[in-house]
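Participant:
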Amino acid sequence: MQHKQFVADEGQYDDRGLVKNAVISAWFEAAGKIYLDECHTQGDKACLSQAWQQQSLQFDYLHACQPHPSVELELSVIELGKCSCTLGCRFYQADKLLAVGSSVMVLVSKLDGAVGMIPVATREVLKGEMLGFLRIARS
1 MQHKQFVADE
11 GQYDDRGLVK
21 NAVISAWFEA
31 AGKIYLDECH
41 TQGDKACLSQ
51 AWQQQSLQFD
61 YLHACQPHPS
71 VELELSVIEL
81 GKCSCTLGCR
91 FYQADKLLAV
101 GSSVMVLVSK
111 LDGAVGMIPV
121 ATREVLKGEM
131 LGFLRIARS
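Each residue of the sequence shown is one higher than the one before, counting from 1 in the UniProt record's numbering.
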């Protein structure tokens, strides 16, 4: 599981002065790619020819995101397939749950964009991440 903190910049607010929902989903996508890249390179050093690509995104916005304080993101792998994985996330602000979401990510070739199998070494790292998250969620 990974934790990240975000603070909205000028231009990321709506007319009411709240952080735009699109900004929250962009934070999730960016953090998810970084998180999976770290897991991928940890598992398979010869992975420079592949990149993670978001295939779908689902969000439930529960509360408006205020400009301050910062927003905390919890992120982890929640499902693992042969060619894809699903990331789950929760956004908090001052201990209040703002949004929950999930995203299906696939591993694609940087050369031709073809979807590829997740390498065995990377799968093992992702399995460890998923199991760690499930253990924490159940405690």
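Just so it is clear, CB atoms sit at the ideal spot from N, CA and C, and this is done for glycine as well.
1. Let me know if Ser109 comes out buried or exposed under the rule of 16 or more other beta-carbons within 10 Å of its beta-carbon.
2. For Glu129, does the count of other Cβ atoms within 10 angstroms reach 16, so buried, or fall short, so exposed?
3. Arg52 and Met105: beta carbons closer than 7 angstroms?
4. May I have the straight-line CA-CA distance separating Leu111 from Gly17, to the nearest angstrom?
5. Give me the residue from Val23, Leu87, Ser49, Ile24 with the minimum Cα distance to Gly32.
6. Using a Cβ-Cβ cutoff of less than 6 angstroms, which residues in the same chain neighbour Tyr35 once the five nearest sequence positions on both sides are dropped?
7. Quick check for students: name the residue ranges of the alpha helix (DSSP H) that lie wholly in the stretch 21 to 56, counting only runs of 4 or more.
Facilitator: So, from the listed chains and residues:
1. Residue 109 sits at position 109 when you count from the first residue of the sequence shown. Counting Cβ neighbours within 10 Å, Ser109 comes out exposed, since fewer than 16 surround it.
2. Walking along the sequence shown from the start, residue 129 turns up at place 129. Looking at its Cβ environment, which holds 16 or more other Cβ atoms inside 10 Å, Glu129 is buried.
3. Here residue 52 is taken as the residue at index 52 of the sequence shown, counted from 1. Here residue 105 is taken as the residue at index 105 of the sequence shown, counted from 1. Reading off the sequence shown, one finds Trp at residue 52, where the question assumed Arg. The answer is yes: Cβ separation under 7 angstroms.
4. On the sequence shown, position 111 is the one that residue 111 refers to. On the sequence shown, position 17 is the one that residue 17 refers to. Rounded to the nearest angstrom, the two C-alpha atoms are 42 angstroms apart.
5. As a working note, residue 32 is residue 32 in the sequence shown. It is Leu87 whose Cα lies nearest to the Cα of Gly32.
6. Within the sequence shown, residue 35 is the residue found at index 35, counting from 1. Within the same chain, Tyr35 has close Cβ partners Gln2, Leu75.
7. 21 to 43
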